[in-house]
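Novice: Note that my numbering gives residue 84 to position 82 of the sequence shown, counting from 1, and the numbers run on in steps of one.
Take a look at the following structure, please.
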Amino acid sequence: MSFLGLVMGADLSVSLLPHYIGLSLLRMTAAYVMSLVFAVAVGRSAARNAVLGRVVPPALDVLQSLPVLAFLPAVLLGMMALLPGRRAGFELASVILIFTGMVWNLTFSFYHSLLTIPRELLEAADMLNLSPWHRLTRVEMPSTIIGLVWNSVISWAGGWFFLMASESFTLGNRAFVLPGLGSYLAAAADQGNTRAILAGLSALLVVIILLDQLVWVPLIVWSGRFKVELADSGESRRSWWLNYLRNASWLDAIRIGPWARVRDRVDAAMMRGSRRRGPIGTVPRVTAQLVVLLGGLVLLWSGIKGCVALASLVAALPGEVWLSIVVGLLVTGSRVALALIITVAWTLPVGVAIGTRPRLARVAQPIVQVAASVPATALFPVLLLLLVRRGGGGLGVASMLLMLLGTQWYVLFNVIAGASALPRDLHEAVQLLRVRGLQKWRSYLIPAIFPFLVTGGLTAQGGAFNASVVSEYVTFAGRTIQTTGLGALIATAAAGSDYSLLAASTLTMAVLVVIVNRALWRPMARLAHERYHL
């Protein structure tokens, strides 16, 4: 066991849980902030630049489908080289791994929302000659905030999902453990310690409920103010904590005093910087172009060297290994497709019902948010006890259930976000025209939420491929259980430091994702942007 944390197998004391929870929350908060900055920067660049718009979305699709374990060797070895023998390097590696589980759906949500901003708003921004800063803060962020908030909830749930793999990982014959709730649950599952598993899950559930009530529900209620509609929506979701904050005198003092001064100064500085003209203003632009050009050349050179190294690794594999990779690809691909079909079948009607009925939303949304935030990997030991030890279908069925638990929330939350963003005007028009049944779904609901459905399906696919790694290869109660699949091959290769098999399996998964992206998701995204948006 590494020196980086307590020997978790020897100490699963419940009294240490508050400390572990605090450490895990700090790592997840850092990863979320990184994810949000990345989403805004990359999503905005791809939406505003035609060249990047053709390159960035497919690249993001491949990256979000690559399992966290595929990033593990590169991230961990890089941090060990950057900060050798120091805990800070492994803390940074853990944050980066959590980041890879959070960032992609946020980026896709922001990017797709930018593409569906009404043309009239963009023309008004051009006529008013808004600076890039004011364009971002006054037009783009308000237009994308509903999708960003809902995808932030699922991003945080994705962070919980991979917390165990990000705080407790093995590379070759070395085990690295960082103290935290994820490593606590991983050690409890490895020992088969039911008492520790239940204690960890109970603590996790308390944290999730508190975060839901103090962070996510207030944000969802607050984001409702950015819905574009002419009619009053009537009943709406409420938040007791947001009501308290709105009426708190101490917060008003901060909002009117220091915060207002900081906001005004930032606005003024950004406006001056973005509206410079003449030779003075051309220097930063030329400098930025040179930096981008040099960065592109460095990335190109690194990519060429990486491709050469990857080719040498892959070429060393014998034919029978490639056959097992192809078989694993077919099995895992079938599981992913089945998981997506089942997910859409139940999340579409449920999400629309929650998003369009305020009374139902007040009851169902907290339940859904709490259920989505409970990481499926933490529940996996219970599934294994029921299915593996008691003859309930084995790991094949358990892996399918875990894949569903890890993917369905991406679609559900995006459908809820799309249905919640529908203007009240359209609802009233549909009621007046007496559009009901299948015609209502075909002519109104599905076209109206189609962009959100595409975002949810695309990110759910990535979540399914990620979940295949932790669901097809499991260490439980001191023994390793695995089933046929590409995820199991990637997990086996990562655990055994078989970089040739890891590279070949990851490359095969990436090729499949590219094919599916070009054949399915890209045409659907184009249809959503060109036809199905308000």
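Cβ atoms here follow ideal geometry from the backbone N, Cα and C, with glycine treated the same way.
Where does S170 fall in DSSP's three states?
Specialist: By 1-based counting over the sequence shown, the position of residue 170 is 168. DSSP places S170 in strand when its eight states are reduced to three.
Novice: By how many angstroms is the C-alpha of R121 removed from the C-alpha of P525?
Specialist: Position 523 of the sequence shown, counting from 1, holds the residue named residue 525. Position 119 of the sequence shown, counting from 1, holds the residue named residue 121. Going from the Cα of P525 to the Cα of R121 covers about 21 angstroms.
Novice: Would you kindly work out how many angstroms separate the C-alpha atoms of L116 and S145, rounded to a whole number?
Specialist: Position 114 of the sequence shown, counting from 1, holds the residue named residue 116. Position 143 of the sequence shown, counting from 1, holds the residue named residue 145. Computed Cα separation, rounded: 7 angstroms.
Novice: Can you tell me the Cα-Cα spacing of P286 and V44, whole angstroms?
Specialist: As a first step, residue 286 must be located in the sequence shown, where it is residue number 284. As a first step, residue 44 must be located in the sequence shown, where it is residue number 42. With a pLDDT of 49 at P286, under the threshold of 50, the predicted position of this residue should be treated as unreliable, and no value is reported.
Novice: Where in the stretch 424–469 do unbroken runs of the alpha helix (DSSP H), each at least 4 residues long, occur, reported from the N-terminal end onward?
Specialist: 426–434 and 439–442
Novice: On the three-pair Cβ rule with 8 angstroms, is the stretch 189–207 touching the stretch 498–509?
Specialist: no
Novice: Is it buried or exposed for E322, if we count other Cβ within 10 angstroms and need 16 for buried?
Specialist: For the purposes of this step, residue 322 is taken as residue 320 along the sequence shown, with counting starting at 1. E322 comes out exposed.
Novice: Where does the unbroken alpha helix (DSSP H) through V1 begin, and where does it stop?
Specialist: This structure gives no information on residue 1, because the portion of the chain shown stretches from 3 to 536.
Novice: Just to confirm my understanding: we take S170, look at its own chain, exclude 5 residues before and 5 after, and list those with CB closer than 6 angstroms. What are they?
Specialist: Residue numbering aside, residue 170 sits at position 168 when the sequence shown is read from its first letter. Contacts found: V179, S185 and A188.
Novice: Among residues of its own chain, excluding the 5 on either side of R337, which ones have a beta-carbon nearer than 8 angstroms to its beta-carbon?
Specialist: Position 335 of the sequence shown, counted from the start, is the residue given in the question as residue 337. If we look at R337 and ignore the five residues flanking it on each side, its Cβ neighbours are S401, M402, M405, A466, S470 and G487.
Novice: Tell me the rounded alpha-carbon separation between T508 and I492.
Specialist: Translated into the one-based positions of the sequence shown, residue 508 becomes position 506. Translated into the one-based positions of the sequence shown, residue 492 becomes position 490. Taking the straight line from one Cα to the other gives about 7 angstroms.
Novice: May I ask which residues mark the beginning and end of the alpha helix (DSSP H) holding Y186?
Specialist: Within the sequence shown, numbered from 1, the residue matching residue 186 stands at position 184. Unbroken alpha helix (DSSP H) run through Y186: L183 to Q193.
Novice: Grouping DSSP H, G and I as helix and E and B as strand, with all else coil, what is V476?
Specialist: Working through the sequence shown from its first residue, we reach residue 476 at position 474. The answer is strand: DSSP assigns V476 an E or B state.
Novice: Which same chain residues end up closer than 7 angstroms to N519 when comparing Cβ atoms and leaving out the 5 residues on each side of it in sequence?
Specialist: The residue labelled residue 519 in the question sits at position 517 within the sequence shown. Excluding positions up to five away in sequence, the list reads P60 and D63.
Novice: How would you call D214, buried or exposed, if buried means at least 16 neighbouring beta carbons within 10 angstroms?
Specialist: As a position in the sequence shown, residue 214 is number 212, starting the count at 1. Its Cβ being crowded by 16 or more others within 10 Å, D214 is buried.
Novice: For I98, which residues in the same chain have their Cβ closer than 7 angstroms to its Cβ, ignoring the five residues on either side in sequence?
Specialist: The residue given as residue 98 occupies position 96 in the sequence shown. The beta carbon of I98 lies closer than 7 angstroms to those of V77 in the same chain, with the five residues before and after it left out.
Novice: Assess contact between the stretch 154–167 and the stretch 409–422, defined as three or more Cβ pairs (one per stretch) separated by less than 8 angstroms. Is contact present?
Specialist: yes
Novice: Since I believe F163 is in contact with G408 (beta carbons under 8 angstroms), could you give me their beta-carbon distance rounded to a whole number of angstroms?
Specialist: Numbered from 1 along the sequence shown, position 406 holds the residue referred to as residue 408. Numbered from 1 along the sequence shown, position 161 holds the residue referred to as residue 163. Their Cβ separation, rounded to whole angstroms, is 6 angstroms, which keeps G408 and F163 in contact under 8 angstroms.
Novice: State whether the stretch 26–39 contacts the stretch 93–112, with contact taken as three or more CB pairs (one from each stretch) at a distance under 8 angstroms.
Specialist: yes
Novice: Return the CA-CA distance between L138 and R50, expressed in angstroms with no decimal places.
Specialist: Position 136 of the sequence shown, counting from 1, holds the residue named residue 138. Position 48 of the sequence shown, counting from 1, holds the residue named residue 50. Rounded to whole angstroms, L138 to R50 spans 12 angstroms at the Cα level.
Novice: If you count every other CB in all the chains shown that lies within 10 Å of the CB of L130, and 16 or more means buried, which is it?
Specialist: Position 128 of the sequence shown, counted from the first residue, corresponds to residue 130. So L130 counts as exposed.
Novice: Please classify T349 as buried or exposed, where buried requires at least 16 neighbouring CB atoms within 10 angstroms.
Specialist: Residue 349 sits at position 347 when you count from the first residue of the sequence shown. Answer is buried; the Cβ neighbour count reaches 16.
Novice: Restricting to Cα atoms, I'd like to know which of S133, V141 and T109 is closest to L124.
Specialist: If you number the sequence shown from 1, residue 124 lands on position 122. That would be V141, whose Cα lies nearest to the Cα of L124.
Novice: Tell me which residue opens and which closes the alpha helix (DSSP H) that Y534 is part of.
Specialist: Here residue 534 refers to the residue found at position 532 when the sequence shown is read from its first residue. Where Y534 is concerned, there is no enclosing alpha helix (DSSP H), because DSSP gives it neither an H nor an E.
Novice: Determine whether the beta carbon atoms of L165 and L183 lie at a separation below 8 angstroms.
Specialist: Within the sequence shown, residue 165 is the residue found at index 163, counting from 1. Within the sequence shown, residue 183 is the residue found at index 181, counting from 1. Their beta carbons are under 8 angstroms apart, which means L165 touches L183 by this criterion.
Novice: Touch check for the stretch 196–205 and the stretch 12–30: three-plus C-beta pairs under 8 angstroms?
Specialist: Result yes; three or more Cβ-Cβ pairs closer than 8 angstroms.
Novice: Can you give me the start and stop residues for the alpha helix (DSSP H) that S375 sits inside?
Specialist: Stepping through the sequence shown from its first residue, residue 375 is reached at position 373. P360 to S375 is the span of the alpha helix (DSSP H), which, as asked, contains S375.
Novice: Rounded to whole angstroms, what's the CA-CA distance from E430 to S67? Just pull it up for me.
Specialist: Within the sequence shown, numbered from 1, the residue matching residue 430 stands at position 428. Within the sequence shown, numbered from 1, the residue matching residue 67 stands at position 65. If you take the alpha carbons of E430 and S67, they lie about 40 angstroms apart.
Novice: What residue range does the alpha helix (DSSP H) around Q215 cover?
Specialist: The residue labelled residue 215 in the question sits at position 213 within the sequence shown. Careful: Q215 lies outside any alpha helix (DSSP H) and carries neither H nor E.
Novice: Rounding to the nearest angstrom, what Cα-Cα distance links R56 and A177 in this structure?
Specialist: Indexing the sequence shown from 1 puts residue 56 at position 54. Indexing the sequence shown from 1 puts residue 177 at position 175. R56 and A177: Cα-Cα distance of roughly 41 angstroms.
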